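Report on the following structure.
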Amino acid sequence: MEDQIMNMSFNLNILIYLMCSGISADTASLSQLIKLEHLDLSHNNFDKHILKSVSNLKALIFLSLQDNYMDGPISSNELDSLNKNLEVLILRRNCLTGPLPIQDLISFKNLKVLDLSKNNFKGSVPQIIGLMSSLSALSLAENNLTGFLPSKGFCELKGLQELDLSQNAFEGPLPHCFTNLSSIKVLDLSMNQFKGDISFIISNFTSLQYMSLKDNEFEGKLSLSLLANHSELEIIELGNMGKMDVETENSNWTPNFQLKVLQLSNCNLNKLSGNIPTFLSHQYRLKVVDLSHNNLRGNFPNWLLQKNAGLEVLNLRNNSLVGQLSLPPHQNNSICWYDLSNNQLTGQVGEDIGRKLPSIEYLNLSRNYFDGTIPSSFCNMSNLGQLDLSFNFFYGEIPKELIAGCIDLYALKVSNNKFEGEILATTFNLTNINYLSLEDNHFSGTVSNVIARSSFMRMLDISNNNISGEVSWISNMTQLSTVLMYNNFLRGRLPCQLGETYFLDISHNSLSGPLPSCSNNLGYIVLQGNKFTGPIPYAFLNSSYLLTLHMRDNLLSGTIPNSLQALSNLRVLLLGSNQLNGSIPNHICNLNKVSLMDLSHNKFSGIIPRCINNISFGKFGMYDQIYILTNFYFEVEKSTTCTYGNFLVRIHDYANVAEYTKLVEVEFVTKGRPRSYVGNIINYMSGLDLSCNNLTGEIPHEIGDLGSLHAANLSHNHLKGSIPKIFSHLSQIESLDLSYNRLSGEIPSELLNLHFLEVFSVAYNNLSGKTPEIKAQFGTFDRSSYEGNLYLCGLPLENKCSSIGESPKSSSSSEVKDTKWYKIDIADFYPTFIASYIMFFLVSIAVLYMNLS
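The sequence shown begins at 137 in our numbering and counts up one residue at a time.
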């Protein structure tokens with residue numbers, strides 16, 4: 137049918153308007169439409185050959201090729217084939233590359249609208265753009281354009297009404313002659329690197345309807361009173377401008393505009409007073425208000441909801457608002473996004489919140505001081521998709537009405553409160569739940585079947601509760617990618633099939649038995665603090681995705697399996713405090729991306745592999761985002777949509793995203809105590825812990841090649857030989873523990889070059905000679921760093937060296953031949969010897985006499 141309609145259309149040589157959006161048109165027949173003026177071929181699969189196909193359309197004044205597959209640079213011949221009387225040319229959202237084709241477009245003397253947005257154009261804007269004086273609308277948004285804006289280019293476009301340069305890499309100040317663009321109605325410079333003062337320009341744009349300057353580096357102070365007479369203004373976006381202060385309270389002014397959207401997030405809003413803008417009391421048409429991240433103070437502005445019945449989005453996140461949450465006196469069916477998180481609001485949430493805000497889709501009250509129980513009226517929020525009540529003081533049980541009424545709920549976060557009772561009743565229906573965060577409460581009982589039957593659940597966190605029972609149900613949750621259940625009372629065995637689980641933290645429970653002998657897709661395994669026994673199965677380590685293997689504090693035995701070397705992406709290996717034995721195999725050196733390795737408190741014997749310098753321990757500088765897991769990125773479908781101009785600026789989806797992340801946490805003993813490293817901080821930490829084993833032989837000199845190592849602990853072994861001088865190359869070392877070994881010789885003076893060393897111990901060895909000079913970092917170490925070495929002298933020890941540069945000698949075999957351990961005084965020797973001889977003679981006579989008798 138579509139083909140028949142198209143063929144009929146191409147036979148109509150008087151056709152003036154043709155729209156073939158989303159339809160594969162027969163382009164060969166287009167040349168017959170000699171009177172065609174308006175052609176829309178958007179949302180198709182045309183390449184650049186389409187430009188030749190429309191070359192005969194001499195009456196054409198409107199051409200849209202938006203959303204096609206034109207790629208590469210546009211040649212002069214391709215543009216020259218178009219009708220020079222074109223008034224509108226839209227090439228938006230293709231794959232065009234190279235410099236902007238302005239040189240070939242200046243011959244289009246009647247061109248009024250040019251849209252080249254969402255391509256891959258590079259370079260700067262040429263000055264000759266000023267020759268396109270007929271332009272009224274220009275969009276170069278979402279390309280890879282750079283450099284300063286040419287003052288001799290844009291400033292000649294005095295008829296320009298719409299200008300969109302957003303999402304590029306433009307920099308520098310705006311040209312002063314920008315004030316010439318007095319007809320501007322739509323101005324979008326957002327998401328660039330513009331600098332300097334902006335106030336002198338926008339005050340002249342009295343025709344403005346839409347203004348977005350967010351995400352730039354503008355400086356100074358901008359008073360919104362400069363916009364008081366901009367009577368057409370409806371959209372203001374000035375967020376994320378850390379170097380500029382936005383002020384609304386510096387003068388008494390009343391706006392002549394009625395806004396629809398006000399976005400002033402993270403812009404140092406009213407930095408001195410902390411007031412919520414008072415001019416908002418004159419606004420009655422607001423749909424979106426975003427004042428987040430500004431440290432605003434005062435009571436919650438309930439009047440905003442009362443005066444703006446059409447308000448859809450209210451974002452007051454991360455301020456310092458106080459008092460109780462006031463709800464509108466009447467039902468509000470418009471608001472869909474409500475974020476009051478990270479404030480200081482107190483009291484109970486109104487029992488009728490669900491009836492007052494029935495259309496809400498996203499509600500975030502987290503990180504306040506709310507208390508009481510969850511109102512049962514939440515069941516009236518049938519559209520609610522995301523609910524975050526975490527980090528408050530709520531108590532009681534989760535009401536069944538919440539789950540029953542909120543049929544679209546897919547993200548529930550109630551962590552860090554005082555909830556109790558069964559984790560979730562068996563009568564709950566969690567069919568649509570994707571994200572369930574219940575950690576840090578007082579929930580008890582077992583994980584009910586209602587959770588196990590949640591086929592769409594992707595993230596489950598029930599950590600730090602009183603949950604008991606077994607965990608075999610994990611095998612049935614085929615979509616579950618992140619599971620956190622640490623610090624509970626779980627027992628039994630870890631199931632073999634873990635489905636799509638990528639992050640598993642089940643540490644500090646009572647799980648037991650052998651580890652499962654089956655492969656998986658795990659990227660993070662945290663099993664610390666359980667009672668797992670037996671060897672580490674080969675198959676359990678059959679995952680090329682594995683980044684963190686944390687199995688400290690269990691009862692694992694046997695040797696390190698050969699399969700470990702296949703973990704080519706492993707960054708963290710923590711096997712300490714088990715019963716592993718045998719030698720540390722050479723194949724462990726194949727783990728060249730590892731930055732943290734803990735094999736301490738086991739029964740390893742033999743030597744330390746000399747190939748250990750093949751392991752990176754941070755030297756490759758892999759500072760990526762692998763320790764921050766973005767579990768979910770949600771969007772609210774209902775959002776404000778405004779269109780300004782006929783073709784260019786379309787505003788969608790205000791403040792409508794919520795990101796849930798999990799920061800990977802790793803505990804590693806350094807500087808004598810366990811420390812936690814969270815998120816990307818792990819990228820900056822590297823350490824090697826082989827302490828408390830039965831290792832023998834000498835310390836490999838190759839350890840000195842690990843210049844990025846921050847902590848090394850080889851203590852409590854049977855290592856012998858000297859301390860390698862090359863340890864002075866450990867330029868980043870902060871903690872070095874070689875204590876409780878059999879090391880001999882002197883402490884290398886070269887270690888004085890370790891400028892970041894905070895913890896140092898060579899205690900209880902057989903070291904001799906003088907302690908290092910008391911300077912730099914070695915001036916901070918006390919006697920505990922050196923004690924237990926009989927032949928070591930010098931400060932801070934009490935054992936002083938006998939003379940400058942002289943130190944006690946160790947009892948080596950060569951020295952025993954030439955050195956006596958005793959000293960004889962001849963003046964005392966002879967009298968003592970004679971007296972002893974006489975006494976011996978008399979005793980002998982007496983014994984002989986007694987025998988004869």
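Every residue gets a Cβ at the ideal spot worked out from N, C-alpha and C, and that includes glycine. Keep in mind the model is a prediction, meaning the values are calculated, not measured.
Rounded straight-line distance, which links the Cα of residue j to that of residue i
| i | j | result |
| --- | --- | --- |
| phenylalanine 863 | valine 730 | 20 Å |
| cysteine 156 | tyrosine 813 | 57 Å |
| serine 270 | glycine 289 | 13 Å |
| serine 462 | phenylalanine 529 | 18 Å |
| leucine 196 | glutamate 214 | 16 Å |
| lysine 350 | phenylalanine 306 | 13 Å |
| serine 272 | arginine 453 | 38 Å |
| asparagine 438 | serine 477 | 16 Å |
| glutamate 292 | asparagine 316 | 8 Å |
| glutamine 467 | valine 397 | 22 Å |
| leucine 709 | glycine 410 | 48 Å |
| leucine 620 | serine 643 | 9 Å |
| histidine 686 | histidine 185 | 57 Å |
| serine 145 | leucine 250 | At serine 145 the pLDDT is 48, less than 50, meaning the model places this residue with poor confidence; the figure from the coordinates comes in the next sentence. Taking the straight line from one Cα to the other gives about 27 Å. |
| glutamate 894 | glutamate 923 | 17 Å |
| isoleucine 534 | isoleucine 510 | 7 Å |
| glutamine 701 | isoleucine 724 | 6 Å |
| leucine 887 | arginine 809 | 23 Å |
| leucine 831 | histidine 737 | 11 Å |
| serine 318 | methionine 377 | 25 Å |
Limits of the beta strand (DSSP E) - the one that residue i falls within
| i | result |
| --- | --- |
| leucine 928 | 927-929 |
| phenylalanine 257 | 256-259 |
| tryptophan 473 | 473-475 |
| alanine 547 | 547-549 |
| leucine 193 | Segment: none, leucine 193 is in no beta strand (DSSP E) and carries neither H nor E. |
| glycine 557 | 554-558 |
| asparagine 280 | 280-283 |
| leucine 903 | 902-906 |
| phenylalanine 306 | 305-309 |
| glycine 289 | No beta strand (DSSP E) holds glycine 289; the alpha helix (DSSP H) holding it covers 287-290. |
8 Å contact criterion, which residue i and residue j should meet: CB distance rounded
| i | j | result |
| --- | --- | --- |
| arginine 589 | glutamine 615 | Contact flag wrong, Cβ pair sits at about 12 Å. |
| serine 897 | tyrosine 927 | Between tyrosine 927 and serine 897 the Cβ distance is about 17 Å, and since that is not below 8 Å, they are no contact. |
| leucine 440 | leucine 447 | 7 Å |
| proline 671 | glycine 694 | 3 Å |
| serine 339 | leucine 362 | 4 Å |
| leucine 574 | valine 607 | Going by Cβ atoms, the distance from leucine 574 to valine 607 rounds to 16 Å, so no, they are not a contact pair. |
| leucine 692 | asparagine 714 | 4 Å |
| leucine 166 | leucine 193 | 7 Å |
Close Cβ partners of residue i (< 6 Å) along its chain, the five nearest in sequence each way excluded
| i | result |
| --- | --- |
| leucine 227 | Leu201, Leu252 |
| leucine 572 | Leu548, Leu596 |
| glycine 508 | Gln484 |
| phenylalanine 527 | Ser502, Arg503, Asn552 |
| leucine 874 | Leu850, Val898 |
Run of the alpha helix (DSSP H) containing residue i, from where it starts to where it stops
| i | result |
| --- | --- |
| valine 185 | It is histidine, not valine, that sits at residue 185 in the sequence shown. Per DSSP, histidine 185 belongs to the alpha helix (DSSP H) from 185-189. |
| leucine 538 | 536-541 |
| lysine 294 | That residue, lysine 294, is in no alpha helix (DSSP H); it is neither H nor E in DSSP. |
| leucine 440 | 439-443 |
| lysine 492 | 489-492 |
| glutamate 214 | 212-216 |
Same chain, Cβ closer than 8 Å to residue i, five either side skipped, listed in chain order
| i | result |
| --- | --- |
| asparagine 722 | Pro745, Cys747 |
| glutamate 355 | Lys331, Gly332, Asp333, Lys379, Met380 |
| isoleucine 320 | Leu296, Gln297, Glu298, Leu299, Phe341, Ser343, Leu344 |
| phenylalanine 302 | One point to set straight first is that residue 302 is serine, not phenylalanine, in the sequence displayed. The answer, listed in chain order, is Ala277, Glu278, Asp324, Leu325, Ser326, Met327, Asn328, Ser348. |
Close beta carbons around residue i, own chain, < 7 Å, minus the five adjacent residues each side
| i | result |
| --- | --- |
| serine 699 | Tyr674, Leu677, Asn678 |
| alanine 912 | Leu888, His891 |
| phenylalanine 284 | Glu307, Gly308 |
Within-8 Å CB hit, residue i to chain B
| i | result |
| --- | --- |
| glutamine 239 | In the structure shown, chain B does not exist; there is a single protein chain. |
(request) Specify whether the stretch 398-405 and the stretch 368-388 touch according to this definition: at least 3 beta carbon pairs, one from each stretch, less than 8 Å apart. (result) Cβ pair count under 8 Å is three or more, so yes.
(message) With three or more beta-carbon pairs closer than 8 Å as the criterion, would you say the stretch 830-838 touches the stretch 805-819?
(response) no
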